[in-house]
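Asks: Chain order of the listed sequences is A and B.
1 is the number of the first residue of the first sequence in our numbering; add one for each residue after it.
1001 is the number of the first residue of the second sequence in our numbering; add one for each residue after it.
Pasting a structure below so you can have a look.
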Amino acid sequence: MSCDFYQKFESSEIPESEFQNHVRACSTCQKLVEQDAQLLALAKNLRQPARAPLLWAKIENTLRAERQRRRPAWLTNFQKQKWAWLRIAAVLLVAVGLGSYLLFKPKPEAAKLLEGAALKQVEKKEREYAEAIAELEAVALPQMTRLDTDLMLLYRDRLETIDAQIARCQEALAANPGNAHIRRYLLAALQDKKETLRELLNVAGPKALAG
Amino acid sequence: MLGQQQDAEDAVQTAFLKLYRGIGQFQFGAKFSTYLFRIMMNVCFDMLQKRRGDQKRDWGEREISHSSGVDLRLQLEEAIDALPERMRACFVLFAVEEMKQDEIAEILELRVGTVKAQIFHAKARLRVLLSDSPAEVRS
């Protein structure tokens, strides 16, 4: 005896209430429902946790190997030769630093040398000072005898100090004539000597200066 | 589903590898367990196909055997193993893993009606085992 109600119920062709009403009267469907209940109960027992203690370790290893495989080649190479790359980086850093220093370092003093026309102009000014000083010396030095002794010694020491300063500057300029700093000191010394001689003449007597 | 524990372990391992490779394709909002089960089932189908190719046996059309012993549990395992792959997958997920039919349909990418039909036919085949078995089913 066959009955397709159970199949229709299983495929949702008929509602459950209709099937339940039918089952009460159909022994074939009753038997099918019982057998399926037994079958499902038995099948549920098939689900037993299997012991696989090494499974997760295997999965981890597989995933780790996969991650290693997917890592970019350049990163792997870099890690293998890490120290070599670090040495290259250090050398490059030093080279760039040194290059920057050499490029941007302050200009040395020698670079501030007077050249050409500027040097000639300074030398001309020095000659003018020297000529003026020579004229003043010719008039002022004889007048020193008219000063009292202390004042005379004071002016003599002061002029000797200035002369020594001028001599040191001239000596240095003989070796390095373009050095602007020494030229500036020399001009200052010459100017100082000129002013001292004028002062000496003023102190010794206005007549001498006028003459 | 695969019948052997070693094969099952290999399948789990392969499934995790596929999950790792394809995790970017997972759409958040979908159920992760469904996604993982789908990968798992596809791996199982691949392995079964490979096994079938290796052994040159038609596992899907194998007859249910009653000669392997009186243990009903073993007989049921053998009987399930003899079901066609898709039918077996539907039945295992429904009866063993106790999943709902719509979830099975999503995992196996089938219509719910197809899943219901596959489960019905699987039960019909397995019922033969129960009715003919010398052992009694005691639930």
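No residue lacks a Cβ here, since even glycine has one placed at the ideal position from N, Cα and C.
Owing to the predicted nature of the structure, the values given are computational and were not obtained by experimental measurement.
Cβ closer than 9 angstroms: which chain B residues qualify as neighbours of Lys82 (chain A)?
Replies: Ordered by position in chain B, no residue passes the 9 angstroms Cβ test against Lys82 (chain A), which lies about 27 angstroms from the chain.
Asks: Taking 7 angstroms as the CB-CB limit, is Ser11 (chain A) close to chain B?
Replies: Cβ-Cβ to chain B under 7 angstroms: yes for Ser11 (chain A).
Asks: Considering only the alpha carbon of each residue, which of A:Ile182, A:Ala43 and A:Phe104 lies closest to Gln165 (chain A)?
Replies: Here the closest residue by C-alpha is A:Ile182.
Asks: With a threshold of 16 other CB atoms inside 10 Å of the CB of Asn179 (chain A), please say whether the residue is buried or exposed.
Replies: Its Cβ being crowded by 16 or more others within 10 Å, Asn179 (chain A) is buried.
Asks: Can you give the Cα-Cα distance for Leu147 (chain A) and Leu153 (chain A), rounded to whole angstroms?
Replies: Approximately 9 angstroms between the Cα atoms of the pair.
Asks: Are any of the Cβ atoms in chain B nearer than 7 angstroms to that of Ile14 (chain A)?
Replies: No, Ile14 (chain A) lies away from the interface with chain B (no Cβ there is under 7 angstroms from its Cβ).
Asks: Per DSSP, which residues does Phe1028 (chain B) bridge with? Please list them.
Replies: Beta-bridge pairing links Phe1028 (chain B) to B:Ala1030.
Asks: How many whole angstroms separate the CB atoms of Ile1107 (chain B) and Leu1093 (chain B), which I take to be in contact at a CB cut-off of 8 angstroms?
Replies: Yes, Ile1107 (chain B) and Leu1093 (chain B) are in contact; Cβ-Cβ is about 7 angstroms, under 8 angstroms.
Asks: So is Val1115 (chain B) buried or exposed if we call it buried at 16+ other beta carbons inside 10 Å?
Replies: With 16 or more Cβ atoms within 10 Å of its Cβ, Val1115 (chain B) is classed as buried.
Asks: I'd like the list of long-range same chain contacts for Ala115 (chain A), defined as Cβ closer than 8 angstroms, with 5 residues on each side in sequence excluded.
Replies: With the sequence shown as reference, residue 115 (chain A) is identified as Glu, and Ala is not the correct amino acid for it. Cβ within range, chain order: Gly178.
Asks: At the 7 angstroms Cβ level, is His1066 (chain B) part of the contact set with chain A, yes or no?
Replies: Low confidence applies to His1066 (chain B): its pLDDT is 47, below 50, so where it sits in the model is not reliable, and the reading given next is rough at best. So no, His1066 (chain B) is outside the interface.
Asks: Check whether the Cβ atoms of Phe1091 (chain B) and Ala1124 (chain B) sit closer than 7 angstroms, and answer yes or no.
Replies: Cβ atoms of Phe1091 (chain B) and Ala1124 (chain B): not closer than 7 angstroms.
Asks: Please list the residues of the segment 42-55 of chain A that have a C-beta atom closer than 8 angstroms to any C-beta atom in chain B, keeping them in chain order.
Replies: Residues Leu42, Ala43, Lys44, Asn45, Leu46, Arg47, Ala50, Ala52 and Leu55.
Asks: Spatial neighbours of Ile133 (chain A) within its chain, please: C-beta separation below 6 angstroms, excluding the five flanking residues on both sides.
Replies: If we look at Ile133 (chain A) and ignore the five residues flanking it on each side, its Cβ neighbours are Lys193 and Lys194.
Asks: With C-beta atoms as the reference, is Glu1078 (chain B) less than 7 angstroms away from Leu55 (chain A)?
Replies: Against a cut-off of 7 angstroms, the Cβ pair of Leu55 (chain A) and Glu1078 (chain B) comes out as no contact.
Asks: In whole angstroms, what is the alpha-carbon distance linking Ala1117 (chain B) and Asn1042 (chain B)?
Replies: Their Cα atoms are separated by approximately 20 angstroms.
Asks: Give the straight-line distance between the Cα atoms of Gln245 (chain A) and Ala130 (chain A), rounded to the nearest whole angstrom.
Replies: Outside the displayed span of chain A (1 to 211) sits residue 245 (chain A), for which this structure offers no information.
Asks: The alpha helix (DSSP H) with Cys29 (chain A) in it runs from where to where?
Replies: Here the alpha helix (DSSP H) through Cys29 (chain A) covers Ser27 to Asn45.
Asks: In the segment 176-211 of chain A, which residue ranges form an unbroken alpha helix (DSSP H) of at least 4 residues, counting only runs that do not cross its ends?
Replies: Counting whole runs of 4 or more residues, the segment 176-211 of chain A contains the alpha helix (DSSP H) stretches 180-204 and 206-210.
Asks: Which same chain residues end up closer than 6 angstroms to Gln121 (chain A) when comparing Cβ atoms and leaving out the 5 residues on each side of it in sequence?
Replies: If we look at Gln121 (chain A) and ignore the five residues flanking it on each side, it has no Cβ neighbours.
Asks: For Tyr155 (chain A), count the other beta carbons within 10 Å of its own beta carbon; 16 or more makes it buried, fewer makes it exposed. Which is it?
Replies: It counts as buried.
Asks: Among A:Leu102, A:Ala43 and A:Val91, which residue has its Cα nearest to the Cα of Arg1073 (chain B)?
Replies: Considering only alpha carbons, the answer is A:Ala43.
Asks: For a test of the three-state rule: what should DSSP assign to Lys8 (chain A), helix, strand or coil?
Replies: Correct three-state label for Lys8 (chain A): helix.
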